[in-house]
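Notes follow once the structure below has been shown.
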Amino acid sequence: MIAVSEILEKQVLSRQDIIRLLSITDKGDQELLIKKAYSIKESTIGRKVYLRGLIEFSNYCRKDCYYCGIRSGNNKVTRYSLSDEEILRVVELAQKKQLTGIVLQSGELNSEDFIKRITALITKIKSATDPEFRITLSLGEQSLETYQRWFNAGAQRYLLRIETSSEELYRKIHPDNELHSFNVRLRCLEYIQKAGYMAGTGVMIGLPFQTIENLADDLLFIKERDFDMVGMGPYLEHADTPLYNHKDLLMPVTERFNLSIRMIAVLRIMMPDINIASTTALQSIVPSGREAGLKAGANVVMPNLTPLKYRRSYLLYDNKPCIDKEADDCLECLERRIKMIGEEIAYNDYGDSIHFINRILIK
Ligand code: SAH
Ligand code: SF4
């Protein structure tokens, strides 16, 4: 078997190499991988972390993804939606805290009322912030026209995870109907890129039925489709979801954590100049999980700025961290933690993905 150190010398990783790196079990080998990924991040991006304030502004959702705690079929959830005024207060806080952008996330809706509301909200946020302030949307599948409308209103970035690039696995983790079609998901990702956004995708790691080969193909999918940003993290079960029935198939959480760290590291080696988020799901397994993600090559963290009273109603998975902390505390704690690993928060930098900037310049 080829040594990990030898693979890490290669300029381009083959599918076999990726599988080998994702399958590492030896602690020393995992450290080598992480070191290599971090050195690539250091030389392309620096020891910097970009912060985006996350606002989970509504948990109404028309979809029924089998893994998600706020899926429409879960009637134990108290549904909420923040008013524009509440959202603008969070935006104000983000600016006060010198954050250079926010992420607006919610369940998926596509009524004309929702589309209009978001368009107007983007316009309001644009007029309340400096012209460079970045708005990222994470509002699920929409038509090309809608993506275009929101882009024209002033949103610059869009996150839509493919969840898994295997159509077979996608079918197992979603209901079998038009609303949860793999091909529509793919098409939406193309629309997002076409509309001009800095485009982000990602996957869940450690899903029931998922193989290491699936995960290697996910990384190749992300590279082939030339995404600018990626957010991926461990799959975490939620007791009120259909996928919970398969919890016996899951690998232990610490293994899911380590595999997620290796996914981040391998992706950083494959795509040195993209933005990679260190996700909250990592932190819910290990308290210093986000720092571990940063040390493995991630460079973005999204502190949760959702007002405290709504946090318990946005539980995508069980044991979500920081549901009892005010945004101020979260930010302070994060700042301390980032300093501890020798990195600094890039306060005066909008942190556009270098990959995106290069892509636009080449066009
Ligand atoms: N409705 C939007 C955005 C909210 S869900 C959308 O689906 O795109 C945001 C992300 O949360 C999803 O893409 C999914 O990858 C993640 N997620 C949902 N349930 C999860 C779980 N049980 N464990 C880990 N991540 C989960
Ligand atoms: Fe809705 Fe997104 Fe959860 Fe699917 S993952 S049920 S679209 S919030």
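Reminder that position 116 of the sequence shown reads as 115 in numbering that gives the first Met the number 0, one-by-one numbering, no gaps. Where is the CB? At the ideal position from N, CA and C, for every residue including glycine.
Those residues which DSSP pairs with residue i across a bridge
{"i": "L136", "result": "L103 and Y157"}
{"i": "M228", "result": "G199 and N274"}
{"i": "L266", "result": "Paired residues: none, contrary to the question."}
{"i": "I204", "result": "P233"}
{"i": "L32", "result": "DSSP, once it has assigned bridges, lists no residue as partnering L32."}
{"i": "G52", "result": "I101"}
{"i": "S57", "result": "S80 and S105"}
{"i": "E162", "result": "V202"}
{"i": "V90", "result": "DSSP output for V90 lists no bridge partner at all."}
{"i": "I344", "result": "V48"}
{"i": "N303", "result": "L53"}
Residues of its chain near residue i, where Cβ-Cβ distance is below 8 Å and the 5 sequence neighbours each way are ignored
{"i": "G153", "result": "I121, T122, I124, K125 and I134"}
{"i": "L168", "result": "L206, F208, Q209 and N213"}
{"i": "E342", "result": "R46, K47, V48 and L293"}
{"i": "T163", "result": "Y169, I172, V202, M203, L206, Q209, N213 and D217"}
{"i": "L178", "result": "R61, K62 and D63"}
Outcome for residue i when other beta-carbon atoms lying within 10 angstroms are tallied against a minimum of 16
{"i": "E212", "result": "exposed"}
{"i": "K319", "result": "buried"}
{"i": "M228", "result": "buried"}
{"i": "L360", "result": "exposed"}
{"i": "P302", "result": "buried"}
{"i": "C67", "result": "buried"}
{"i": "N74", "result": "exposed"}
{"i": "N357", "result": "exposed"}
{"i": "D28", "result": "buried"}
{"i": "E396", "result": "Only positions 0 to 362 of the chain appear in this structure, which leaves residue 396 out of reach."}
{"i": "Y234", "result": "buried"}
{"i": "S38", "result": "exposed"}
{"i": "D16", "result": "buried"}
{"i": "Y349", "result": "exposed"}
{"i": "A276", "result": "buried"}
{"i": "M0", "result": "exposed"}
{"i": "Q104", "result": "buried"}
{"i": "C332", "result": "exposed"}
{"i": "T24", "result": "exposed"}
Alpha carbon of residue i to alpha carbon of residue j, nearest angstrom
{"i": "Y146", "j": "R160", "result": "15 Å"}
{"i": "S82", "j": "K34", "result": "45 Å"}
{"i": "H173", "j": "C64", "result": "5 Å"}
{"i": "E85", "j": "L108", "result": "20 Å"}
{"i": "L185", "j": "S352", "result": "22 Å"}
{"i": "Q10", "j": "D112", "result": "50 Å"}
{"i": "W149", "j": "V183", "result": "19 Å"}
{"i": "K338", "j": "D129", "result": "27 Å"}
{"i": "G199", "j": "T43", "result": "19 Å"}
{"i": "I117", "j": "D272", "result": "30 Å"}
{"i": "L249", "j": "L87", "result": "40 Å"}
{"i": "E55", "j": "K324", "result": "15 Å"}
{"i": "L315", "j": "N58", "result": "10 Å"}
{"i": "L20", "j": "A2", "result": "10 Å"}
Any C-beta of chain D under 8 Å from that of residue i
{"i": "G72", "result": "The question asks about chain D, but that chain is absent: this structure has only one protein chain."}
Sequence-distant residues of its chain with Cβ nearer than 6 Å to residue i (five each side left out)
{"i": "Y309", "result": "Y79"}
{"i": "I114", "result": "T145"}
Own chain partners of residue i with C-beta closer than 7 Å, once the 5 adjacent residues on each side are dropped
{"i": "Q282", "result": "G288, R289 and P320"}
{"i": "R70", "result": "C60, K62, D63, C64 and T240"}
{"i": "K40", "result": "R267, G296 and N298"}
{"i": "V285", "result": "F256 and A291"}
Give the residues whose C-beta lies closer than 6 Å to at least one heavy atom of ligand 2, in chain order.
Counting only residues whose CB is nearer than 6 Å to a non-hydrogen atom of ligand 2, the list in chain order is C60, K62, C64, C67, I69, R70, G106, E107 and G139.
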